[in-house]
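Each residue of the sequence shown is one higher than the one before, starting from -14 at the first, in the working numbering.
Scroll down for the structure; my scribbles are underneath it.
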Amino acid sequence: MFGLIVRLLPFWVREPLLVVVGSVFGVRLMYLALDDGEWVPAAIGAAFLLFTAVRVHTVIQALRARRHPAPAASADGTAPGADGRPQPQPQPQVPAQQRPARAVQEKEPNAWGQAAAAIAVFAALAAALWLGPELMPSDAHGTPQAAASCPTGEDEPLPSAYTKTPRAVTGDDLCKALNRTDLPRLLGTPAETAIGASASSNTAALTDGKVARPEAEVEFDTYTVNVSATYNDLSIAQYVKLMEFGEETDVEKLEVLGRSAVLSSDHTMRFEIDLGGGGSGGPVEQGPLARTLSVALDAKDRGGYCEITVWSEAGALPDDAALLDITEKILPAIPERTA
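Shown next as structure tokens:
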């Protein structure tokens, strides 16, 4: 269908169109081939560029032919011969009763104008196709689906701490709130998709199972994001005093959606578990640096907090603004704690 439409176009529209399309696709494929180190896109791009060169040659030949037309017959019906002298040409017999019609001279279309208009239109279309995915938001053509889905723990019974804690969320709730389609964009890596998602509805350590602490985690190629909610009696104000007592650095107090919050940095821990031979696992090692935003579970800071932590194996961290944006998206999914 496209080939038929192209063949029906005038020459001075069709040829510039083929030149623009061929050059755009050829250059784009060559760029992708050099960037990815693949030879197949390079071969296809070279074919497009060769096709474009042929079309450019055709356009040049047509322009030369328009500038230097072939010798035409003279007004008296003679044409120049090999020696330059006019040669008589046979004249068609016209019936006596039929008078020759007056020749109507039609105005030829401007070839340069057609070519310029075609190039301008299709250059704009090519630029839109090239830059569209980068300039348009990811959800402009519908809501994309997350690559990794949250596990369902509906069949697993919750610890008794959850039934005793009013309005406590579960790990599944946190995972659904965290595993957002716009999470890569909030992290500053819009081209990535989640490669793993997990959730658990456990209790806090050293509390004898009396404090609910659900958590969820979403992993990307660059960053890993973890969110947890601890339903204890520790307020953010007390949490900050503990940090100051421990002489921790890189601590910043702030407010998020009207709730007390604190930003802090700490290293994760890495350890190995030996599952064979009955031997002990490896020693606990210091993992990459992580950035955590702790937010009170209610506006009055009466105890309990939610923590959003981001880290990467390479040690790089996103801006604090990204952590704040993620928290503002997740926090409404966690109901405020009642008295």
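Cβ atoms here follow ideal geometry from the backbone N, Cα and C, with glycine treated the same way.
Hey, leucine 172 and proline 317: beta-carbon distance below 7 Å or not? Taking 7 Å as the Cβ cut-off, leucine 172 and proline 317 do not qualify as a contacting pair.
Inter-residue Cα distance where the pair is alanine 38 and arginine 170: 40 Å
Euclidean distance between Cα positions of alanine 131 and aspartate 167: Its pLDDT being 47, under 50, alanine 131 is placed unreliably by the model, and the measurement read from it follows with that caveat. Rounded to the nearest angstrom, the two C-alpha atoms are 9 Å apart.
Where phenylalanine 230 and lysine 195 are concerned, what is the direct C-alpha to C-alpha distance, given to the nearest angstrom? Taking the Cα positions, phenylalanine 230 is about 26 Å away from lysine 195.
In terms of DSSP beta bridges, what is glycine 181 paired with? Glu204
Decide if arginine 152 is buried, meaning its Cβ has at least 16 other Cβ atoms within 10 Å, or exposed. exposed
4 or more residues per run - each alpha helix (DSSP H) lying fully within the region 287 to 315: 305 to 315
Bridge partners of threonine 277, per DSSP? Ser249 and Thr294
Which same chain residues end up closer than 8 Å to aspartate 286 when comparing Cβ atoms and leaving out the 5 residues on each side of it in sequence? Counting only Cβ-Cβ distances below 8 Å, and skipping sequence neighbours, we find Ser220, Ile221, Ala222, Arg244 and Ser245.
At a threshold of 6 Å, does methionine 228 count as lining the ligand HEM (C-beta to nearest heavy atom)? Ligands in the displayed structure: none, and consequently the ligand HEM is not present.
If distances are taken between C-alpha atoms only, which option among Val(-2), Thr188, Ala197 and Asp235 comes closest to arginine 40? Val(-2)
Among Glu292, Ala179, Glu321 and Arg322, which one has its Cα closest to the Cα of leucine 309? Residue nearest to leucine 309 within the set Glu292, Ala179, Glu321 and Arg322 is Glu292 (criterion: CA-CA distance).
Given aspartate 158 as reference, the closest of Ile315, Glu298, Thr323 and Glu0 once Cα atoms are compared: Ile315
Quick check: the Cα distance between histidine 53 and glutamine 46, rounded to an integer number of angstroms? 11 Å
What three-state label does DSSP hand alanine 38 in the structure shown? helix
With a threshold of 7 Å on Cβ separation, who are the neighbours of lysine 161 within its own chain once the five nearest residues in sequence on each side are excluded? Cys135
Compare the C-beta of threonine 174 with all C-beta atoms of chain C and state if any pair is closer than 7 Å. Any reference to chain C falls outside this structure, which holds one protein chain only.
Residues that threonine 215 bridges to, as DSSP identifies them: In the DSSP output, where bridge partners are listed per residue, threonine 215 has Tyr290.
Cβ shell of valine 44 (< 8 Å), same chain only, five flanking positions each side left out: Glu0, Pro1, Val4 and Ala100
Could you pull the start and end residues of the alpha helix (DSSP H) that glutamate 229 belongs to? 221 to 230 is the span of the alpha helix (DSSP H), which, as asked, contains glutamate 229.
Could you spell out the range, first to last residue, of the alpha helix (DSSP H) harbouring lysine 161? 156 to 163
Looking at valine 280: is its Cβ nearer than 7 Å to the Cβ of tyrosine 208? no
State the start and end residues of the unbroken alpha helix (DSSP H) segment that holds leucine 171. 168 to 172
Between glycine 11 and the rest of its own chain, which residues show a CB-CB distance below 7 Å, the 5 nearest in sequence each way excluded? Correct list, in chain order: Gly30, Phe33, Leu34 and Thr37.
Beta-carbon gap between alanine 197 and alanine 133 smaller than 7 Å: no
Using the rule of at least 16 other Cβ atoms within 10 Å of the residue's Cβ for burial, across every protein chain shown, is threonine 188 buried or exposed? buried
For proline -5, which of helix, strand or coil comes out of DSSP? coil
Which word fits lysine 320, buried or exposed, when buried means at least 16 other C-beta atoms lie within 10 angstroms of its C-beta? According to the sequence provided, residue 320 is proline. The question's lysine does not apply to it. Flag for proline 320 reads exposed.
Relative to the alpha-carbon of threonine 323, which residue among Ala307, Glu298, Ala190 and Leu282 has its alpha-carbon at the smallest distance? Leu282
Since valine 241 and serine 249 should fall inside the 8 Å C-beta cutoff, what is the C-beta to C-beta distance between them, to a whole number of angstroms? Going by Cβ atoms, the distance from valine 241 to serine 249 rounds to 14 Å, so no, they are not a contact pair.
For alanine 190, which three-state DSSP category applies? coil
Going by beta carbon distance, what residues of the same chain come within less than 7 Å of threonine 215, once the five residues before and after it are set aside? Ala189, Val196, Arg198, Gly289 and Tyr290
Leaving aside the five residues before and after glycine 156 along the sequence, list all residues of the same chain whose C-beta is less than 7 Å from its C-beta, in chain order. The residues are Gly138, Ala184, Ser185, Ser186, Pro199, Glu200 and Ala201.
Helix, strand or coil at threonine 242 [DSSP, three-state]: Residue 242 is actually leucine in this sequence, not threonine. The answer is coil: DSSP assigns leucine 242 none of H, G, I, E or B.
Based on Cα-Cα distance, which residue from Thr253, Val247, Ala299 and Glu298 lies nearest to aspartate 305? Val247
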